[in-house]
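Its first residue numbered 2, the sequence shown is counted upward by one per residue in UniProt numbering.
Note that beta-carbon positions come from the ideal geometry of N, C-alpha and C, so glycine has one too.
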Amino acid sequence: LQPKFPSTGTTIFTVMSALAQEHAAINLSQGFPDFPIDPKLGALVAEAINQGYNQYAPMTGLPALRQVLAAKIARFQQVTVDPDTEITITPGATYAIYTAFCTLLQPGDEVIVPEPAYDSYIPNIISSGGVPVPVSLDPADFSIDWDKIAAAITPRTKAIIVNNPHNPSGSTLQEQDLLQLQELAVQHNLYVIADEVYEHLVYDGAQHLSVLRYPELRARSFVTYSFGKALHSTGWKIGYMVAPPELSQAFRQMHQYLAFSVNTPMQQAIAGYLQDFDQLQATASFLQKKRDYFLQEMAQTRFTWLQPAQGSYFQVMDYSALSDLPDKEFAIWLTREHGVATIPLSSFCSQPVNSRRVRFCFAKQEATLEAAVARLKQV
Ligand code: PMP
Ligand code: GLN
């Protein structure tokens, strides 16, 4: 077999989680909670199965779920979305992003990717026939330099992908960013893939600003979400794509021959659970407490950080006071010798970077964070 990606190894998330297991390390690498989902949600899944929601769901998703999602978007983003023509339920956000690239790209189309970036974007662009064009974020605060983005646009640029709140940095886009994105997208006739999977994990009283709020941006955007993040259930792999009717139609044309439809009882359970939006609102303060606890404890180590995560459940830390090792070697050494697994930041970059930074996931029980920091104090 001629491999499509001859130089690509196994994803860093798989590698670090396996290394954590091998060395009985505390796993703050791959992003997933170590606490249970709400038992009410689990009970709703059992109920859906027992009530017979066990056959194929409609290709676009259960109507009840799409309706509650439209109501949720109206509540949190103050915009009206048509559940029938603009929302498609997908088997996770990674799938939705890949399907959007398949829908959009013709051979040779360029896609701008601000880096560091979630690791599936670039392979997905390449396997859809596109050409990724990485543009570095400001290393000081991971903000987007819009002049640099503008300079990377060519006549072949078809789209830009933005991730807000951002994995791995925890930075968020501000109003000015979204207005600049809108201006560039309109001026150069670009599509936008907006990865907003951490929409409900935004801290310090800030509000998530979706691209859906900006009409000219929304008109050209595929916006993706994941219940794995909102409901602490990463293993369920369910999410959804919001796009204007014409784009949704093209997306569904592709989706019907990829997954076709998504796990029915989970959809039914989530539709029931989301009747009460207050639980989603509580998610941010629940995770903010974990971020604050983690930072308060990490202040007693020699790791440093530039700013607390504004969103997501990741905190980037600098270890240059501790070691000169490149970040991948440092992450392996830290797992083996000190029993704490992290993700090296350079794994989110396609260009070589001289990083002395690693990413910690703080979506963990306080006891897990406490035990991890006790080990990190010894480094
Ligand atoms: N985008 C980002 C930025 C993520 O961190 C994740 C988490 N894995 C995903 C997409 C994928 O979400 P899902 O598990 O629903 O595919
Ligand atoms: N999104 C999660 C992370 O960034 C996990 C992704 C994965 O395991 N593929 O850690």
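Quiz item: Between Gln-379, Thr-61, Ala-44, Ala-118, which lies nearest to Ser-351 when the distance is taken from Cα to Cα?
Solution: Counting from one through the sequence shown, the residue named residue 351 turns up at place 350. Ser-351 has its Cα closest to that of Ala-118, out of Gln-379, Thr-61, Ala-44, Ala-118.
Self-check item: CB contact check: Ala-310 to chain C, cutoff 9 Å
Solution: Judged by its chain identifiers, the structure shown contains no chain C, having just a single protein chain.
Exercise. Count the CB pairs spanning the stretch 188–199 and the stretch 149–161 that are closer than 8 Å, and state whether there are at least three.
Key: yes
Quiz item: By the 10 Å Cβ neighbour count, where 16 or more other Cβ atoms means buried, how is Lys-365 classified, buried or exposed?
Solution: Walking along the sequence shown from the start, residue 365 turns up at place 364. Buried.
Exercise. Hey, could you find the ends of the alpha helix (DSSP H) Asn-165 is sitting in?
Key: To locate residue 165, count along the sequence shown from 1; it is residue 164. From DSSP, Asn-165 is part of no alpha helix (DSSP H); its letter is neither H nor E.
Exercise. Jot down the residue ranges of each uninterrupted alpha helix (DSSP H) in the stretch 81–162, minimum 4 residues, whole runs only, in chain order.
Key: 94–105, 122–128, 147–153
Quiz item: What first and last residue would you give for the alpha helix (DSSP H) that runs through Arg-253?
Solution: Here residue 253 refers to the residue found at position 252 when the sequence shown is read from its first residue. Arg-253 -> alpha helix (DSSP H) spans 246–256.
Exercise. Starting from the Cα of Tyr-314, find the closest Cα among Gly-32, Thr-9, Met-17, Asn-28 and give me that residue.
Key: The sequence position of residue 314 within the sequence shown is 313, counting from 1. It is Gly-32.
Quiz prompt | Proximal residues to Ala-272 (C-beta, below 7 Å), its chain only, five neighbours per side dropped | solution = In the sequence shown, counting from the first residue as 1, residue 272 sits at position 271. Same-chain partners within the cutoff: Leu-63, Ala-65, Leu-66, Val-69.
Quiz prompt | Secondary structure of Phe-361, DSSP reduced to three states | solution = Indexing the sequence shown from 1 puts residue 361 at position 360. In the structure shown, Phe-361 sits in a strand (DSSP, three-state: E or B).
Quiz item: Is it true that the CB of Tyr-241 sits closer than 9 Å to the CB of residue 384?
Solution: Nothing about residue 384 can be read from this structure; the chain reaches only from 2 to 380.
Practice problem: Tell me whether Asn-55 is buried or exposed, calling it buried when 16 or more other Cβ atoms sit within 10 Å of its Cβ. | Solution: Counting from 1 along the sequence shown, the entry for residue 55 is found at position 54. Result: exposed.
Exercise. Label Asp-328 either buried or exposed according to how many other C-beta atoms from any shown protein chain fall within 10 Å of its C-beta, with 16 as the threshold for buried.
Key: Stepping through the sequence shown from its first residue, residue 328 is reached at position 327. Asp-328 should be labelled buried.
Practice problem: Taking the CB atoms as reference points, tell me whether Lys-291 and Phe-223 lie closer together than 9 Å. | Solution: Here residue 291 refers to the residue found at position 290 when the sequence shown is read from its first residue. Here residue 223 refers to the residue found at position 222 when the sequence shown is read from its first residue. For Lys-291 and Phe-223, no; Cβs fall outside 9 Å.
Quiz item: From the DSSP output, which residues share a beta bridge with Ile-27?
Solution: Counted from its first residue, the sequence shown places residue 27 at position 26. Answer is Val-341, bridged to Ile-27.
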